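**Student:** Got a structure for you, questions after.
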Amino acid sequence: MNMKRPNKPLENTAKLANTKQLTIAVNHVGYYLLCLKVTVLKVISLGFYAPWGNELQSRYLLENAHFGDKKISLSAAALNVFKVRSSFAIGLIMMFLLGQTFAVLAWFFHLLLLLSLPGFYLVEKKYRLNAIAIEERRLDFNLSLFQFYKAISLPAIIFVLFSALIFNSELIDSRFLASIETKQQSSPFVADSYLAKVEQALDKELGHELEHGHDHKDEAEIAHWSEDISQQEKDYLAEHEASHNHGSITLSSLEKYQLAKQGNQFIQYILLFLVFSILWPWFDFKLIAHRVNHTQLADTSWKMQQTVMSLYGLYIKAMLLVFMVIGLMGLVVAQLFIGSEGSRSEFWSDVLVNGLWLLPMGVLIFVLAISLVRTWRKQWLLEGLVSEQVETHSHTSYLGGLMLSLSNTVIVFFTLGLGSAYCQLRTYHYLSQHFNVRL
77 MNMKRPNKPL
87 ENTAKLANTK
97 QLTIAVNHVG
107 YYLLCLKVTV
117 LKVISLGFYA
127 PWGNELQSRY
137 LLENAHFGDK
147 KISLSAAALN
157 VFKVRSSFAI
167 GLIMMFLLGQ
177 TFAVLAWFFH
187 LLLLLSLPGF
197 YLVEKKYRLN
207 AIAIEERRLD
217 FNLSLFQFYK
227 AISLPAIIFV
237 LFSALIFNSE
247 LIDSRFLASI
257 ETKQQSSPFV
267 ADSYLAKVEQ
277 ALDKELGHEL
287 EHGHDHKDEA
297 EIAHWSEDIS
307 QQEKDYLAEH
317 EASHNHGSIT
327 LSSLEKYQLA
337 KQGNQFIQYI
347 LLFLVFSILW
357 PWFDFKLIAH
367 RVNHTQLADT
377 SWKMQQTVMS
387 LYGLYIKAML
397 LVFMVIGLMG
407 LVVAQLFIGS
417 EGSRSEFWSD
427 VLVNGLWLLP
437 MGVLIFVLAI
447 SLVRTWRKQW
457 LLEGLVSEQV
467 ETHSHTSYLG
477 GLMLSLSNTV
487 IVFFTLGLGS
497 AYCQLRTYHY
507 LSQHFNVRL
């Protein structure tokens, strides 16, 4: 028993000697200037330069990165990526023209285009991964679109069925919007609601009364005003009352039909977006798993150890955190603006109409959500990589990823996006420093 103890430090020393880590040694100023040049060229070329610009940035990073004592290189693949994107653009135009020609089947062409997106993404990813080599050993991504679409057949069928139900169900019908005769009493549950007006509109005499009733109301209100005020002040007060959702907006039959149709389409696309959001982590898991399971480096193959439910948990945690931030910001806004002014019923409607100050807060929350999901998703991927040939270890924490995302969000927001390249490098450094491969 005592003879085994001296071997333990030697075993740990051997493991440390065989541990490989991706090291990125990049000149931050040089990389920033390169990103700035690529961004300008993308804008000037209307995005056509994007494949070559992205490849230029990737080559700069990889050529300044080392995996242990091995160098990483990147061969040209921008032309193939450009062909894939051009094919998608042509398909997009064709689907749009077919949707305009066959309006009844427009929803089908939209679904077909949406389902083709993962295929285009994987083909582009294949060209980009196969261009990477470590000491003349290239990555090999054996893409099989048939196997991929077979793997996502169940979530795809669920999405198509729900989409067909949404776009063809009579349950989703906003025709009651066409019954609007006045903006007064917006609640659908009171006696003088929009829904009650549907029945009232069947009576022509009552409809006539509703159309002209507001004039009598204005006259009655003016009669209650003091006789000491001038006619100009009375006109101003009458205009003020009419501007706060008390005026008549009588609609023609055509306008009612158009309003109801737009209402239906709005509800349909909102429901479609909700269905897609619920199914997206499932699709995302299948995308990642297919990419990992079909990628090899020399004789080394990889598998995904994580489950789809763990990815759902990641998205749920990110969503709850974003909702928490929205709630905290809402409390801050409430404390700042609720007071003597906030007690007026018109105050919040005026704030929402003229509240351009809400736009920066919305942008900040959006940038935080994107940064957090991308960082946690990368951590989740590295933690789930397993191989029979090598041993991998990722010792990142979700709290560390959260702090990294928060700081990146602040930098991107207050630099108006100019600090994105620096934040990208920070993320790469964080992930590479916490990921080891033991041969």
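Numbering (my numbering), first residue to last: 77 to 515.
Ideal Cβ positions, reconstructed from N, Cα and C, are used throughout, including at glycine.
All of these numbers come straight from a predicted model, not from anything done at the bench.
#1: I'd like to know whether the C-beta atoms of Gln371 and Phe217 end up nearer to each other than 7 Å.
#2: At a threshold of 6 Å, does Phe164 count as lining the ligand ATP (C-beta to nearest heavy atom)?
#3: Among Ser481, Phe349 and Gly389, whose alpha-carbon lies nearest the alpha-carbon of Phe243?
#4: Relative to the C-alpha of Gln500, which residue among Leu98, Thr99, Tyr108 and Lys96 is closest?
#5: Might you give, ordered along the chain, the residues of its own chain that have their beta carbon closer than 8 Å to the beta carbon of Val160, omitting 5 neighbours on each side?
#6: Per DSSP, what kind of secondary structure is Glu467 in: helix, strand or coil?
#7: What's the gap between the Cα of Leu480 and the Cα of His366?
#8: Could you say which of Ser149, Ile392, Leu448 and Thr468 lies nearest to Phe511 if we only look at CA atoms?
#9: Quick check on the DSSP output: the beta strand (DSSP E) that includes Ala154 runs from which residue to which?
#10: For Asn140 and Phe172, I'd like the C-alpha separation in whole angstroms.
#11: Classify Pro194 as buried or exposed, calling it buried when 16 or more other Cβ atoms lie within 10 Å of its own Cβ.
#12: Using DSSP with H/G/I as helix, E/B as strand and the rest coil, what is Ser220?
#13: Does DSSP put Ser496 in a helix, in a strand, or in coil?
#14: On the criterion of 16 or more Cβ atoms from any shown chain inside 10 Å, does Ser473 qualify as buried, or is it exposed?
#15: CA-CA distance, Tyr498 and Tyr388?
#16: To the nearest angstrom, how far is it from the Cα of Trp456 to the Cα of Gln382?
#17: From the DSSP output, in three-state form, read off Ala101 for me.
#18: Go to Ser149, then tell me how far its beta strand (DSSP E) extends in each direction, as first and last residue.
#19: Given a threshold of 16 other Cβ atoms within 10 Å of its Cβ, counted over all protein chains shown, does Ser219 qualify as buried or as exposed?
#20: With distances taken Cα to Cα, identify the nearest neighbour of Ala101 among Arg514, Val513 and His505.
#21: Consult DSSP for Phe342 and reduce its assignment to one of helix, strand or coil.
#22: In its own chain, which residues sit with a C-beta less than 8 Å from the C-beta of Ala394, not counting the 5 before and 5 after it?
#23: Fully enclosed by the region 359-383, which beta strand (DSSP E) runs are 3 residues long or longer?
#24: Alpha helix (DSSP H) containing Val513: first to last residue?
#25: Relative to the C-alpha of Leu155, which candidate in Ser149, His142 and Leu132 has its C-alpha closest?
#26: For Leu168 and Leu150, which I take to be in contact (beta-carbon distance under 8 Å), what is that distance rounded to the nearest angstrom?
#27: In three-state terms, what does DSSP make of Phe196?
#28: DSSP three-state call for Ile210: helix, strand or coil?
#29: Which first and last residues belong to the beta strand (DSSP E) in which Phe143 is found?
#30: Between Leu112 and Gly129, how many whole angstroms is the CB-CB distance? I'm expecting something under 8 Å.
#31: Going by Cα to Cα distance, which pick from Thr503, Phe490 and Asn369 is closest to Ser463?
#32: Relative to the alpha-carbon of Val105, which residue among Thr177, Leu494 and Gly438 has its alpha-carbon at the smallest distance?
#33: With DSSP collapsed to three states, give me the class of Ile122.
#34: Let me know if Thr485 comes out buried or exposed under the rule of 16 or more other beta-carbons within 10 Å of its beta-carbon.
**Tutor:** With the structure as the only source:
#1: The residue given as residue 371 occupies position 295 in the sequence shown. The residue given as residue 217 occupies position 141 in the sequence shown. At residue 371 the sequence reads Thr, which differs from the Gln that was named. Closer than 7 Å, so yes.
#2: This structure lacks the ligand ATP, and indeed carries no ligand of any kind.
#3: Indexing the sequence shown from 1 puts residue 243 at position 167. For Phe243, the closest of Ser481, Phe349 and Gly389 by C-alpha to C-alpha distance is Phe349.
#4: Taking the first residue of the sequence shown as 1, we reach residue 500 at position 424. In this structure, Tyr108 is the residue among Leu98, Thr99, Tyr108 and Lys96 with its C-alpha nearest to the C-alpha of Gln500.
#5: Taking the sequence shown and counting its residues from 1, one reaches residue 160 at position 84. Cβ neighbours of Val160 beyond the five flanking positions: Phe196, Val199, Glu200 and Tyr203.
#6: For the purposes of this step, residue 467 is taken as residue 391 along the sequence shown, with counting starting at 1. Strand.
#7: By 1-based counting over the sequence shown, the position of residue 480 is 404. By 1-based counting over the sequence shown, the position of residue 366 is 290. Taking the straight line joining both Cα atoms gives about 28 Å.
#8: Numbered from 1 along the sequence shown, position 435 holds the residue referred to as residue 511. The candidate whose alpha carbon is nearest that of Phe511 is Thr468.
#9: Position 78 of the sequence shown, counting from 1, holds the residue named residue 154. It is not in any beta strand (DSSP E) - Ala154 instead sits in the alpha helix (DSSP H) that spans Ala154 to Thr177.
#10: As a first step, residue 140 is located in the sequence shown; it is residue number 64 there, counting from the start. As a first step, residue 172 is located in the sequence shown; it is residue number 96 there, counting from the start. Computed Cα separation, rounded: 44 Å.
#11: Working through the sequence shown from its first residue, we reach residue 194 at position 118. By the neighbour-count definition (other C-beta atoms within 10 Å, threshold 16), Pro194 is a buried residue.
#12: Start at 1 with the first residue of the sequence shown, and residue 220 comes out as number 144. Three-state DSSP puts Ser220 in coil, outside helix and strand.
#13: Along the sequence shown, read from residue 1 onward, the residue named residue 496 stands at position 420. In the structure shown, Ser496 sits in a helix (DSSP, three-state: H, G or I).
#14: Taking the sequence shown and counting its residues from 1, the one referred to as residue 473 is at position 397. Exposed, since its Cβ has fewer than 16 Cβ neighbours within 10 Å.
#15: For this step, residue 498 is matched to residue 422 along the sequence shown. For this step, residue 388 is matched to residue 312 along the sequence shown. Going from the Cα of Tyr498 to the Cα of Tyr388 covers about 29 Å.
#16: Locating residue 456 in the sequence shown gives position 380, where the first residue counts as 1. Locating residue 382 in the sequence shown gives position 306, where the first residue counts as 1. Distance between the alpha carbons of Trp456 and Gln382: 8 Å.
#17: What you label residue 101 is simply residue 25 of the sequence shown in a count that begins at 1. Ala101 falls in the coil class under three-state DSSP.
#18: Along the sequence shown, read from residue 1 onward, the residue named residue 149 stands at position 73. Looking at the DSSP string, the run of the beta strand (DSSP E) that includes Ser149 is Lys146 to Leu150.
#19: Stepping through the sequence shown from its first residue, residue 219 is reached at position 143. The displayed chain sequence assigns Leu, not Ser, to residue 219. Leu219 comes out buried.
#20: Position 25 of the sequence shown, counting from 1, holds the residue named residue 101. In this structure, His505 is the residue among Arg514, Val513 and His505 with its C-alpha nearest to the C-alpha of Ala101.
#21: Along the sequence shown, read from residue 1 onward, the residue named residue 342 stands at position 266. Of the three classes helix, strand and coil, the one that applies to Phe342 here is helix, per DSSP.
#22: Walking along the sequence shown from the start, residue 394 turns up at place 318. Within its own chain, the residues whose Cβ lies closer than 8 Å to the Cβ of Ala394, once the five positions on either side in sequence are excluded, are Ala445, Leu448, Val449 and Trp452, listed in chain order.
#23: The beta strand (DSSP E) runs lying completely inside the region 359-383 and spanning 3 residues or more are 371-373, given in chain order.
#24: Here residue 513 is taken as the residue at index 437 of the sequence shown, counted from 1. Here Val513 belongs to no alpha helix (DSSP H); instead the beta strand (DSSP E) covers Phe511 to Arg514.
#25: On the sequence shown, residue 155 is found 79 positions in, with the first residue counted as 1. Here the closest residue by C-alpha is Leu132.
#26: Along the sequence shown, one-based indexing puts residue 168 at 92. Along the sequence shown, one-based indexing puts residue 150 at 74. By a beta-carbon distance limit of 8 Å, Leu168 does not contact Leu150. Their separation comes to about 29 Å.
#27: For this step, residue 196 is matched to residue 120 along the sequence shown. Note: Phe196 maps to helix in three-state DSSP.
#28: Residue 210 sits at position 134 when you count from the first residue of the sequence shown. Here DSSP, grouped into helix, strand and coil, assigns Ile210 to strand.
#29: Stepping through the sequence shown from its first residue, residue 143 is reached at position 67. Counting along the chain, the unbroken beta strand (DSSP E) around Phe143 starts and ends at Ala141 to Phe143.
#30: Taking the sequence shown and counting its residues from 1, one reaches residue 112 at position 36. Taking the sequence shown and counting its residues from 1, one reaches residue 129 at position 53. Contact doesn't hold; Cβ gap of about 11 Å is too wide.
#31: Here the question's residue 463 lines up with position 387 in the sequence shown. The shortest Cα separation from Ser463 among Thr503, Phe490 and Asn369 belongs to Asn369.
#32: Residue numbering aside, residue 105 sits at position 29 when the sequence shown is read from its first letter. Ranked by how close their Cα comes to the Cα of Val105, the residues Thr177, Leu494 and Gly438 have Leu494 in first place.
#33: As a first step, residue 122 must be located in the sequence shown, where it is residue number 46. Checking the sequence shown, residue 122 turns out to be Leu, not Ile. Correct three-state label for Leu122: coil.
#34: What you label residue 485 is simply residue 409 of the sequence shown in a count that begins at 1. Taking all protein chains in view, the Cβ of Thr485 is crowded by 16 or more other Cβ atoms within 10 Å, so the residue is classified as buried.
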